[in-house]
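K.L.:
Chains as they are written, first to last, in the working numbering: chain H, 1 to 154; chain G, 155 to 677. Let me give you the structure first, and then I'll get to my questions.
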């Protein structure tokens, strides 16, 4: 079986465009990239099977039938891609909700190294996570101290 | 007895549906999840006994005959993985129930947690049992989608940030896997693993290598093998403690399992063996160097997780029975130990209010039990005799020495260095978090009731951890059980090694698997 050249070209274009978008910072563009890549992969799956008439006994002679298996697999893959798209959209929306943008941020380690380089302080002082914890945990501790002190004196 | 085979997939899925219906009734949800996972452990145990006595168990799903329909195959390797992962998920479930009850369910919304957790279990079991490449993909997707939800529980800012990276990287690996599946099907016309054995052998060598490389790439991302591992230490530590624990124990190991399965069954002959060995060495050394540099327990443990994936790849890359059986033993050991350590880290976070090493101190004095629960698995991970970590590494070193090639010797040296550096990293945690003078912020045992009462009532709205003087029993008990399980691996090391050698021999011979799926010969 020789593959259909136009299919292969379309797959190539879809994947190339998908990879380009995937390398963007904005999560919405990443999402577009994932969708294009997913469509490319699905089309590739479909190209892998024999094309022909409807694979129903009685309507098509057996040697002219299309291969139904890739189509079944593509259906599954499409459903999975749909679910993932919904989830990524929710992530992008939540990110926009929290930060006002949906850009994929640097990881903690990178930011910490940058901060260390900026401030040129010793290790541990520029710990991003420890810095985030402070405002949240302090009120709780003050509460403990406040409720605890009178009882202790009495 | 073959009706048992689909149960580890079906029961958690049905349980997930049931817990979803029971949303808002946490008590009922807990009992459903507990029952389902206990039953899964029992079924997995039965499958292990049956498959080691009578050979692989095969089920043709829906009654469709093998190459047409999907098959589920429980051979020794799959059954062993099932038993360990089911036991670990059960313990982590109890732990998370304990945490949820103590927190008043604020941090982990239980109505979503239980169904998702059960779906995750179903996905893991499906991946282990699958005898079909596409079904393996579906298993991966089930567990990944569940893991996306679990990782972003509560959708706080840090979790959304970490979740974004995790989701995009996982999606990419799934796409590579899907493309590989498309290519395999286009070139062979089947996706049934047993049928692929013959059909792939008939392909030209170059094409086979392309398919192998693509599958290896996809599984390598999932297993966090070195150049593809950067996503893991960034995303795992932000999740709630039980979620991180179950991810660390199971998700990467499913990737390792997939590598073992495809490398032995589909692509024997070791054409990528050298590549695997180099990747293994780099994973071990680079991973552990990352761990040494960390100042947060959870991040440090994530790096040791990456690092020790290298040991398993080492065994697989040797492609000998000795190496493979040591790798299988190491997977079993590592699932148990790494999960235990993350659970213990969760307890540390609870007791000390943080997992940052510069904010902890003196835990050994204020909570000796916690110190023991951390110390034993930590030594086990580093490979101190007589723990199972030592036995696993010893098996790998023996296999490396038996191989005798220059690359194998490099790996032996790298493995020993990694073990030493793991000990150093763990000792650093021990010195800073457990042995220094107690940190002033930490509640002393005396104000137990007061601290617990206030913390329960005045919990801050975000997911910032807060120090609690009394650890819930339901969180300590499963951690202790897992520590015990880790110790039991030492006691039962003889039979377990015999079992893993059996499994490795079956994998290398390939015929038991094929004959189980096609008793009358492959079509």
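Using N, Cα and C, we set each Cβ at its ideal position, and we do this for glycine too.
From residue 293 of chain G to residue 279 of chain G, what does the alpha carbon distance come to, in whole angstroms?
P.N.:
Between residue 293 of chain G and residue 279 of chain G, the C-alpha separation is close to 8 Å.
K.L.:
Taking the alpha-carbon positions, what's the residue 432 of chain G to residue 425 of chain G distance?
P.N.:
Spanning the two alpha carbons is a distance of roughly 13 Å.
K.L.:
Just to confirm before moving on: does the CB-CB distance between residue 507 of chain G and residue 590 of chain G stay below 8 Å?
P.N.:
Contact: no.
K.L.:
Quick check: what's the CA-CA separation for residue 113 of chain H versus residue 120 of chain H?
P.N.:
Approximately 10 Å, taken between the alpha carbons.
K.L.:
Are the CB atoms of residue 569 of chain G and residue 411 of chain G nearer to each other than 8 Å?
P.N.:
No. Outside cutoff.
K.L.:
Check whether the stretch 309 to 322 of chain G and the stretch 86 to 106 of chain H are in contact - that is, three or more C-beta pairs closer than 8 Å.
P.N.:
Output reads yes: the stretch 86 to 106 of chain H touches the stretch 309 to 322 of chain G.
K.L.:
Quick check on this structure: which residue in G:655, G:665, G:585 and G:664 has the alpha carbon closest to the alpha carbon of residue 234 of chain G?
P.N.:
It is G:655 whose Cα lies nearest to the Cα of residue 234 of chain G.
K.L.:
Give the secondary structure of residue 615 of chain G by DSSP, where H, G and I count as helix, E and B as strand, and everything else as coil.
P.N.:
Bear in mind that a pLDDT of 38 at residue 615 of chain G, under 50, signals an unreliable position, so the number given afterwards is only what the model happens to contain. Correct three-state label for residue 615 of chain G: coil.
K.L.:
Measuring only the C-alpha atoms, how far is residue 603 of chain G from residue 105 of chain H?
P.N.:
Here the model assigns residue 603 of chain G a pLDDT of 39, short of 50, so the residue's position is not dependable, and the following value carries that caveat. One C-alpha to the other measures close to 41 Å.
K.L.:
Alpha helix (DSSP H) containing residue 57 of chain H: first to last residue?
P.N.:
Careful: residue 57 of chain H lies outside any alpha helix (DSSP H) and carries neither H nor E.
K.L.:
Compare the C-beta of residue 94 of chain H with all C-beta atoms of chain G and state if any pair is closer than 8 Å.
P.N.:
Closer than 8 Å: yes.
K.L.:
Reducing DSSP to helix, strand and coil, say where residue 295 of chain G ends up.
P.N.:
Of the three classes helix, strand and coil, the one that applies to residue 295 of chain G here is helix, per DSSP.
K.L.:
Please report the distance separating the alpha-carbon of residue 683 of chain G from that of residue 457 of chain G.
P.N.:
No answer is possible for residue 683 of chain G: the residues shown for chain G start at 155 and end at 677.
K.L.:
Would you say the beta carbon of residue 632 of chain G is closer than 7 Å to some non-hydrogen atom of the ligand ATP?
P.N.:
The ligand ATP is absent from the structure shown, which contains no ligands of any kind.
K.L.:
Could you tell me the boundaries of the alpha helix (DSSP H) in which residue 669 of chain G lies?
P.N.:
Unbroken alpha helix (DSSP H) run through residue 669 of chain G: 665 to 671.
K.L.:
With three or more C-beta pairs closer than 8 Å as the rule, is the stretch 432 to 447 of chain G touching the stretch 396 to 411 of chain G?
P.N.:
Touching, no.
K.L.:
For residue 37 of chain H, would you say it is in contact with chain G, using Cβ-to-Cβ distances shorter than 8 Å as the test?
P.N.:
Taking Cβ atoms only, chain G reaches closer than 8 Å to residue 37 of chain H, which makes this a yes.
K.L.:
Could you pull the start and end residues of the beta strand (DSSP E) that residue 228 of chain G belongs to?
P.N.:
Taken as a continuous stretch (DSSP letters only), the beta strand (DSSP E) holding residue 228 of chain G covers 225 to 228.
K.L.:
Determine, using beta carbons only, whether residue 388 of chain G comes closer than 8 Å to chain H.
P.N.:
It does; some Cβ of chain H falls within 8 Å.
K.L.:
Quick one: is residue 30 of chain H near chain G, going by C-beta distance under 8 Å?
P.N.:
Yes, contact with chain G.
K.L.:
Express the C-alpha separation of residue 13 of chain H and residue 261 of chain G in angstroms, rounding to a whole number.
P.N.:
Any reading at residue 261 of chain G is ruled out, since the residue's pLDDT is 49, under 50, leaving its predicted position unreliable.
K.L.:
Using a Cβ-Cβ cutoff of less than 6 Å, which residues in the same chain neighbour residue 73 of chain H once the five nearest sequence positions on both sides are dropped?
P.N.:
Only 45 meet the Cβ criterion.
K.L.:
Suppose you measure from the CA of residue 205 of chain G to the CA of residue 161 of chain G; what does that come to, to the nearest Å?
P.N.:
Residue 205 of chain G and residue 161 of chain G: Cα-Cα distance of roughly 15 Å.
K.L.:
Show which residues of chain H have a CB atom less than 9 Å away from the CB atom of residue 340 of chain G.
P.N.:
The contacting residues are 1, 3, 44, 45, 47, 48, 49 and 70.
K.L.:
Counting only Cβ-Cβ distances shorter than 9 Å, please list the residues of the stretch 302 to 318 of chain G near chain H, keeping chain order.
P.N.:
Of all residues in the stretch 302 to 318 of chain G, 302, 303, 306, 309, 310, 311, 312, 314, 315, 316, 317 and 318 have a Cβ within less than 9 Å of some Cβ in chain H.
K.L.:
Report yes or no: is there a C-beta of chain H within less than 8 Å of the C-beta of residue 292 of chain G?
P.N.:
Chain H, which has a Cβ nearer than 8 Å to the Cβ of residue 292 of chain G, makes this yes.
K.L.:
Please give me, in chain order, every unbroken run of the alpha helix (DSSP H) with length at least 4 that falls completely inside the stretch 377 to 453 of chain G.
P.N.:
Here the runs fully enclosed are 385 to 389, 395 to 400, 406 to 415 and 427 to 446.
K.L.:
By DSSP, does residue 308 of chain G sit in helix, in strand, or in coil?
P.N.:
The answer is helix: DSSP assigns residue 308 of chain G an H, G or I state.
K.L.:
Starting from residue 295 of chain G, find everything on chain H with Cβ-Cβ shorter than 7 Å and list it in chain order.
P.N.:
Those are 80, listed as they occur along chain H.
K.L.:
Once the 5 residues before and after residue 288 of chain G are set aside, which same chain residues still bring their CB inside 7 Å of it?
P.N.:
Hits under 7 Å: 335 and 345.
K.L.:
Give a yes or no on whether the minimum CB-CB distance between residue 299 of chain G and chain H is below 8 Å.
P.N.:
Judged by the 8 Å Cβ criterion, residue 299 of chain G is in contact with chain H.
K.L.:
List, in order along the chain, the chain H residues whose C-beta lies closer than 7 Å to that of residue 288 of chain G?
P.N.:
By Cβ distance, chain H contributes 73.
K.L.:
Taking the CB atoms as reference points, tell me whether residue 499 of chain G and residue 395 of chain G lie closer together than 8 Å.
P.N.:
In this structure, residue 395 of chain G lies closer than 8 Å to residue 499 of chain G by Cβ.
K.L.:
So, helix, strand or coil for residue 608 of chain G, using DSSP?
P.N.:
Note that residue 608 of chain G scores 40 on pLDDT, short of 50, meaning its location in the model is unreliable and no value can be drawn from it.
K.L.:
Determine the extent of the beta strand (DSSP E) in which residue 211 of chain G is found, giving its start and end residues.
P.N.:
Residue 211 of chain G -> beta strand (DSSP E) spans 211 to 214.
K.L.:
Which residue from G:631, G:338 and G:370 puts its Cα closest to that of residue 252 of chain G?
P.N.:
With distances taken between Cα atoms, residue 252 of chain G lies closest to G:631.
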